[in-house]
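This report concerns only the one structure given below.
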Amino acid sequence: MALFSAPPASAKDKPLKVAAVYTVPVEQQWVSRIHIALKAAEARGDITYKFSENVANTDYERVMREYAEQGSDLIFGEAFAVEKAARKVAADYPKIAFVLGSSFGPEKPNLSVFDNYIQEPAYLTGMVAGKLTKSNKIGMVGGYPIPEVNRLMNAFMAGAKEVNPDVKFSISFIGSWYDPPKAKEAAFAMIDRGADVMYAERFGVSDAAKERGVKAIGNVIDTSKDYPGTVVASALWHMEPTVDYAIKQVLADKYQAENVGPMSEMKSGGASLAPLDPAVVPKDVADLVMAKEKAIKDGSFKVAVDDKEPKPTM
């Protein structure tokens, strides 16, 4: 990871004052990972934690600036549409540590960036989907065709194609990070065209799959308990390595602007495949997937990072 010079500061004592600003509810997949990791750090006594959710993009800078004025030691920003605002605030408060979801680089002295590099378990879930589809038609519903979504979809598609070269894909982006009804309607349309496995990058897709009796693949969080028999595999994102690292660096007076995105990879504990339920995933399929997971972990197989917008093939 690239390191840059840190601002002068004195070492901090526990608990750190930590804040986060979210444009969506904390239940939403992406921000729920940050929120849960920060709540765990709070429960350990490492931090105090304040957050704001459902903040409008136009109000983001004001809310983040208020947390900075309140004396926060560490502030987590969300991503993408609010990036310009977050970077502006970080530049105005060089002695506060900022961590931002971003496709772009860190900004010295105090802005680190993270990302959800969970393409490896996404590939494994694609293998499950490719084996379970009977129609050879898979539907995929995403939020926006940005790199963080594209790389997961492309990895999923590659995994499915490895085990089933005949599989075809429908792809739709709903233009929202949190609109379950819209995602559900997009999924219904694909199921009506023959898709019998759905890639649920957004909330709402698994609901459609459950109602129509088809299978779904989860993304970022494990919803199999909410959709038993429907969600058959999930690629999970764990923000704990990233969050805990940032806290540790601030406490030790070693915080530096850097790209902490690699902490979201499997080798760092930032990504995993949810346990496969033998009631819905046959043993031969699970064995195939586990063998590939082993190859990923020992470095003998590399999952490509493909950030280009995925294209439908049906």
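Residue numbers (the numbering used here): 16 to 329.
Note that beta-carbon positions come from the ideal geometry of N, C-alpha and C, so glycine has one too.
Of the listed residues the options, nearest to residue i (C-alpha basis)
i: alanine 250; options: Glu226, Asn274, Tyr270, Gly284; result: Gly284
i: isoleucine 262; options: Asp61, Asp211, Val41, Val39; result: Asp61
i: aspartate 292; options: Lys269, Ser315, Asp237, Ala286; result: Asp237
i: glutamine 43; options: Ser191, Tyr138, Asn169; result: Ser191
i: proline 277; options: Ala96, Phe316, Ser127, His50; result: Ser127
i: aspartate 107; options: Phe184, Ala96, Ser118, Glu122; result: Glu122
i: glutamate 98; options: Phe66, Thr63, Ser118, Asn169; result: Ser118
i: lysine 161; options: Lys197, Lys183, Asn131, Lys27; result: The question names lysine, yet the displayed sequence has isoleucine at residue 161. Selected option, being the one with the closest Cα: Asn131.
i: glutamate 68; options: Lys27, Ala173, Tyr193; result: Tyr193
i: tyrosine 159; options: Pro290, Lys230, Ala248, Ala96; result: Ala96
i: glutamine 85; options: Ala294, Val275, Thr245, Tyr64; result: Tyr64
i: threonine 328; options: Gln271, Ala224, Ser279, Asn169; result: Asn169
i: alanine 55; options: Ala223, Asn274, Lys225, Thr257; result: Thr257
i: proline 30; options: Met79, Asp259, Lys282, Val182; result: Asp259
i: alanine 289; options: Val235, Lys309, Val275; result: Val235
i: valine 275; options: Phe129, Val78, Glu57, Phe184; result: Phe129
i: glutamine 134; options: Ser287, Asp302, Ala301; result: Ser287
Sequence-distant residues of its chain with Cβ nearer than 6 Å to residue i (five each side left out)
i: proline 22; result: Reliability fails at proline 22, whose pLDDT of 43 lies under 50, so the model's placement of it is uncertain and the value that follows must be treated cautiously. Excluding residues within five positions, the ones whose Cβ falls inside 6 Å are Pro109, Lys110, Pro124, Asn125.
i: tyrosine 82; result: Ala34, Ile90
i: glycine 209; result: Ser150, Lys152
i: lysine 317; result: none
i: arginine 48; result: Trp252, Met254
Euclidean distance between Cα positions of residue i and residue j
i: proline 243; j: glycine 233; result: 12 Å
i: glutamate 177; j: serine 239; result: 24 Å
i: serine 20; j: alanine 52; result: At serine 20, the pLDDT of 40 sits below 50, so the modelled position is not reliable and the matter cannot be decided from this model.
i: serine 87; j: isoleucine 189; result: 35 Å
i: alanine 101; j: leucine 115; result: 8 Å
i: aspartate 28; j: alanine 175; result: 49 Å
i: valine 265; j: alanine 112; result: 7 Å
i: alanine 17; j: alanine 319; result: Only weak support is given to the placement of alanine 17: the predicted model assigns it a pLDDT of 39, under 50, and the value that follows is read from those uncertain coordinates. For alanine 17 and alanine 319, the distance between alpha carbons rounds to 21 Å.
i: phenylalanine 171; j: proline 136; result: 8 Å
i: glutamate 273; j: glycine 120; result: 8 Å
i: proline 40; j: proline 195; result: 12 Å
i: valine 70; j: alanine 173; result: 36 Å
i: aspartate 74; j: arginine 80; result: 10 Å
i: glycine 219; j: lysine 225; result: 10 Å
i: lysine 309; j: alanine 105; result: 40 Å
Close-in-space but distant-in-sequence residues of the same chain around residue i (CB under 8 Å, 5 per side omitted)
i: asparagine 179; result: Gly145, Lys146, Thr148, Asn151
i: lysine 326; result: Ile186
i: lysine 103; result: Glu76
Neighbour-count burial assignment, residue i, 16 or more Cβ in a 10 Å radius
i: methionine 254; result: buried
i: methionine 305; result: exposed
i: aspartate 313; result: exposed
i: glycine 228; result: exposed
i: lysine 307; result: buried
i: arginine 59; result: exposed
i: asparagine 72; result: exposed
i: aspartate 207; result: exposed
i: glycine 279; result: First, the residue type needs correcting, since residue 279 is serine and not glycine in the sequence shown. Classification of serine 279: buried, given that the 10 Å Cβ count is 16 or more.
i: lysine 282; result: exposed
i: isoleucine 311; result: buried
Own chain partners of residue i with C-beta closer than 7 Å, once the 5 adjacent residues on each side are dropped
i: valine 295; result: Gly244, Val247
i: alanine 24; result: Residue placement at alanine 24 cannot be trusted, given a pLDDT of 44 that sits under 50; the coordinates are not used to answer.
i: aspartate 181; result: Asn151
Residue i CB to nearest heavy atom of the ligand NAD below 6 Å
i: valine 300; result: As presented, the structure is devoid of all ligands, the ligand NAD included, so that no description of it is given.
### Query
Counting Cβ pairs, one atom from each stretch, are 3 or more of them under 8 Å apart for the stretch 85-94 and the stretch 34-44?
yes
### Query
Counting pairs of Cβ atoms below 8 Å between the stretch 205-221 and the stretch 153-164, do you hit three or more?
yes
### Query
Taking one C-beta from the stretch 129-142 and one from the stretch 190-207 each time, how about it: are there three or more such pairs within less than 8 Å?
no
### Query
Is the stretch 159-168 touching the stretch 317-324 in the sense that three or more CB pairs, one from each, lie closer than 8 Å?
yes
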